[in-house]
Structure formats: structure tokens, C-alpha cells
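A quick write-up on the structure given underneath.
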Amino acid sequence: MTPDLNVLANLGIMVLSGIFMGRLMKHLRLPNVTGYLIAGLLLGPYFLPALGIPFSVLSESFINNMTVIPEVALGFIAFSIGNEFKRSYFRQVGTAPVIIACLESLFAVVFVAGMMILTGYSVPFSLVLGSIAAATAPASTIMVINQYRARGPVTKTLLSVVALDDAIALVLFSVCMAAAQSIKGGAANLAWAIFRPVLEIFGALALGILLGILMLIPMRRFHKHGNRLALVCGFVFLGIGLADRFGLSSLMLCMGMGAAVANLSREANSILDVAESITAPIYILFFVASGAGLQVKMIGKIGVIGIIYIVFRFLGKWFGSWLGGRIGHAGRNVSHYLGPCLLPQAGVAIGLTLVAGNVVPKYAAQIRAVVLAGTLVYELAGPALTKMSLVRAGEIRSS
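Below, the structure is given as C-alpha cells:
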């Protein structure tokens with residue numbers, strides 16, 4: 129049974145339940161996003177009926193029709209990630225964190241996708257799921273660092289790596305998506321299958337940078353918060369729409385827009401603050417909808433895929449950070465103890481499941497179930513592994 133509520137009533141219930149459940153998770157020292165997902169599970173059409181309770185607040189058709197919210201949420205997430213791409217930041221942190229972030233993200237994708245292909249799954253499906261493995265959620269890691277006042281080279285490198293991680297993950301995800309689409313669609317030749325992802329990524333970045341530059345022109349004339357908020361929303365919406373129209377990655381486009389603003393404007397932080405003032409309810413709706421859309425019966429069927437994803441993502445992150453630390457001359461402790469600190473995964477990865485589902489719709493429910501199950505494991509085990517690694521590195525001296 130589902131109550132006959134209109135769209136606005138459903139949206140209101142989603143936001144309110146999300147924010148209250150997020151606060152409850154905060155008291156349990158878990159990320160807010162965990163609360164949003166649980167709120168979605170309780171409201172959605174799959175969880176309570178699976179327990180034998182014939183009731184749900186949100187209908188299946190309502191969840192399936194919420195297409196605009198995920199697109200907008202991911203656009204703003206990518207815009208904020210792009211703001212981290214500042215030239216001054218790269219000069220400050222040096223090359224080691226950049227090398228580590230690139231390799232740990234890359235090997236997470238390679239390990240997961242490679243093992244799936246070896247196990248017999250199709251290449252497009254393997255690339256799609258493997259590409260999501262690159263993303264890391266910084267919130268849990270930063271919470272441990274702050275709680276135990278960790279200090280030292282591992283901690284310093286870790287903070288830089290997690291700041292770069294999601295941006296690199298978006299690049300790898302976009303490459304894998306374009307490659308999967310080329311293979312799935314039967315690209316005319318190998319050269320085009322390789323060239324198409326590059327063309328789509330650089331096209332999206334170029335258009336995003338252009339829109340970012342255009343955004344800054346009226347931004348100089350408008351100084352009130354409301355006017356600037358309207359400009360940011362207008363350009364992000366326009367960017368998402370143009371990306372869809374021309375078959376480009378909206379994630380890369382919005383990231384390029386954010387990077388242009390970060391590097392070309394002295395007011396970049398102010399503009400980002402303006403954007404973040406509207407994103408809270410959008411993010412809550414997005415993650416509550418993600419939880420509501422989880423088909424609980426699929427969790428029991430993830431089997432081999434779930435084990436591959438959870439285990440080989442961890443191994444890929446660990447090996448990549450070790451290799452990156454060696455190549456970047458980051459020191460023995462960084463090479464040995466950084467990997468386990470990169471386990472948590474939440475927000476961006478969950479968002480990417482929705483994009484991935486459009487590329488391989490046959491596996492959409494399975495991808496979401498695997499990533500959300502992985503998120504649960506990583507968010508529970510991640511903070512403990514981070515603390516253990518930092519203790520062994522000698523950077524947490526009291527607990």
C-alpha cells in the first residue's frame with residue numbers, strides 16, 4: 129500500500145526524513161549520507177515489502193521518474209570537485225600525492241574490471257562497474273584524522289590524495305563509459321573505439337571551461353547572493369543540458385566549469401559557497417532517492433560480483449598507493465600505510481551508479497546493489513582500518 133500523495137508532499141517527506149536520519153547517524157559517528165540512504169530504504173517501495181510489511185511511502189513509478197534530481201545533483205558535485213583543481217594547490221602539494229592518486233584510482237579500476245572479465249562477465253559491464261571503484265569518500269577518513277588528531281607524512285599525503293581522488297575518478301569513469309558504449313554499440317574500428325572517449329572527454333572539458341569563463345563575465349556585475357546563486361544554477365543547468373544534447377559527459381563538463389572558475393577568478397571560494405548554499409536539499413533528495421531505489425532482493429544475488437568488487441577494489445587501492453608512493457619517493461610509511469586509508473566509498477560512487485545504469489540498463493539494479501552493499505562494508509570497516517594504519521605509522525599517539 130502506498131499513500132496517494134502528490135509530488136511536493138513526497139519531496140518534502142524525503143528531505144525531512146533524510147535530514148533527521150542524517151543527524152541520527154552523526155550521533156553514531158557515521159557519515160550523513162548513510163542516514164540519507166537508510167531514510168530512502170525505509171520510504172522506498174522495496175525494503176518494507178521485503179520484510180513482509182505491505183506499505184511504502186514512495187511508489188516505484190515515482191522513484192523511476194525522478195530523473196532530473198540525480199542529473200542536477202551530479203552536476204553540482206562535479207562543479208565543486210572542479211573547484212579543487214587549482215594550479216596553486218598542485219604547486220603546494222608537489223608531485224607525490226598526484227602520482228599516488230592517479231595510480232590508486234587506476235589500479236582499483238583495473239583490478240575490479242580485469243577480474244570480472246577473467247571471471248567471464250562482458251567487457252562493457254566490467255568496465256562500467258570497475259570504473260566506479262576509483263571513487264573514494266573523504267568524509268570518514270577526515271573524521272578519523274580529526275578525532276584522533278593524527279599528524280605526520282602519511283596524514284598529510286592522505287589529505288592531498290583524497291582531495292584529488294574524486295576528480296581523477298570522474299576522468300576514469302568518463303573514459304570507461306565512453307569505451308563501454310563504443311564496444312556495446314559495435315564501434316566501426318578499434319581506432320575509433322579508443323579515440324571516441326578521448327574526444328568526448330576533451331570536448332566536455334572544453335565546453336565546460338568555455339561556460340565557466342562566460343559565467344565569470346556577468347558574475348563581475350552581480351554581487352548579491354541571490355543573483356549569483358541564479359547565475360551558478362543557470363550555468364550548471366545549461367551545462368547539463370548541452371552535455372546531454374551533444375552526447376558529452378555532464379560530469380566532465382561541470383568539472384571543467386568549476387576548474388575554470390577556480391583558476392580564473394579571485395572570488396572562486398565565494399562562488400563555490402554560493403553554489404553550496406542550494407545543494408543541501410538537492411543532495412538529500414538525491415541520496416534518499418538512491419536508497420529508495422535499492423532493490424533489496426538484489427543484495428542477496430550479488431554473489432561473486434559483490435566479492436570481486438569489494439575485495440579487488442581494496443587490493444587495487446592498496447597496490448596503487450604503494451606503487452605511487454615508491455615512484456613519487458613519498459617515504460616507506462606512506463607507501464605501506466596509505467592504501468587501507470582509502471577504503472571508504474559513498475557519495476560520488478552512488479551517483480555514478482545512476483549514470484552507469486543508463487549505459488548497461490540490463491545490469492542497472494545489480495550495479496546499484498553491489499555499490500551500495502560495498503558502501504555499507506567500506507563505511508563500517510573503513511574508519512577502523514584508517515585508524516589502525518595511522519597508529520602503525522606512528523601518527524596517532526593516543527586514542
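Under this note's numbering, the residues of the sequence shown are numbered 129 to 527, in order.
Idealized CB from N, CA, C, for every residue including glycine.
Exposure of residue i, with buried meaning 16 or more beta-carbon neighbours within 10 Å
i: S259; result: buried
i: R496; result: buried
i: F183; result: exposed
i: P225; result: buried
i: T283; result: buried
i: S527; result: With a pLDDT of 46 at S527, under the threshold of 50, the modelled position of that residue is not reliable, and the figure given next carries that caveat. Flag for S527 reads exposed.
i: G248; result: exposed
i: V432; result: exposed
i: V488; result: buried
i: P511; result: buried
i: K352; result: exposed
i: A486; result: In the sequence as displayed, the identity of residue 486 is Asn instead of Ala. Answer is exposed; the Cβ neighbour count stays below 16.
i: V483; result: buried
i: S189; result: exposed
i: N160; result: buried
i: F350; result: exposed
Under 8 Å between C-beta atoms of residue i and residue j
i: I410; j: I191; result: no
i: C230; j: I296; result: yes
i: V364; j: F204; result: yes
i: M153; j: F440; result: no
i: V238; j: C304; result: no
i: L171; j: M142; result: yes
i: T285; j: I228; result: yes
i: A201; j: G375; result: no
i: L333; j: M347; result: no
i: G434; j: M385; result: no
i: G367; j: L165; result: no
i: V499; j: G146; result: no
i: T162; j: Q473; result: no
i: L357; j: S405; result: yes
i: I399; j: L298; result: no
i: F148; j: C382; result: no
i: Y437; j: V240; result: yes
i: L596; j: Y174; result: Outside the shown range of the chain (129 to 527) lies residue 596, about which nothing can therefore be said.
i: G453; j: S463; result: yes
i: A458; j: G280; result: no
i: L471; j: A509; result: yes
Inter-residue CB distance, residue i and residue j (contact presumed, cutoff 8 Å)
i: S378; j: A388; result: Not a contact, Cβ separation roughly 16 Å.
i: V251; j: I311; result: 6 Å
i: Y465; j: S393; result: Y465 to S393, Cβ: 38 Å. No contact.
i: K445; j: E212; result: With a Cβ gap of about 19 Å, K445 and E212 do not count as contacting.
i: R215; j: N391; result: 6 Å
i: L287; j: A262; result: Their Cβ separation, rounded to whole angstroms, is 18 Å, which puts L287 and A262 out of contact at 8 Å.
i: I430; j: A493; result: So it is not a contact: roughly 10 Å between Cβ atoms.
i: A307; j: L255; result: 6 Å
i: L186; j: N138; result: 6 Å
i: A178; j: V424; result: 4 Å
i: C469; j: T514; result: 5 Å
i: M380; j: S302; result: 5 Å
Closer than 8 Å to chain D by CB, residue i
i: A388; result: Checking the listed chains, one finds no chain D in this structure; it contains a single protein chain.
Which ranges does the alpha helix (DSSP H) cover as unbroken runs of at least 4 residues, wholly within the segment 410 to 488, from first to last along the chain? 424 to 427, 431 to 455, 460 to 465 and 475 to 487
Continuous alpha helix (DSSP H) assignments of at least 4 residues falling wholly in the segment 353 to 393: 353 to 374 and 378 to 392
Enumerate, from N- to C-terminal direction, the unbroken alpha helix (DSSP H) stretches of 4 or more residues contained entirely within the segment 207 to 232. 215 to 221
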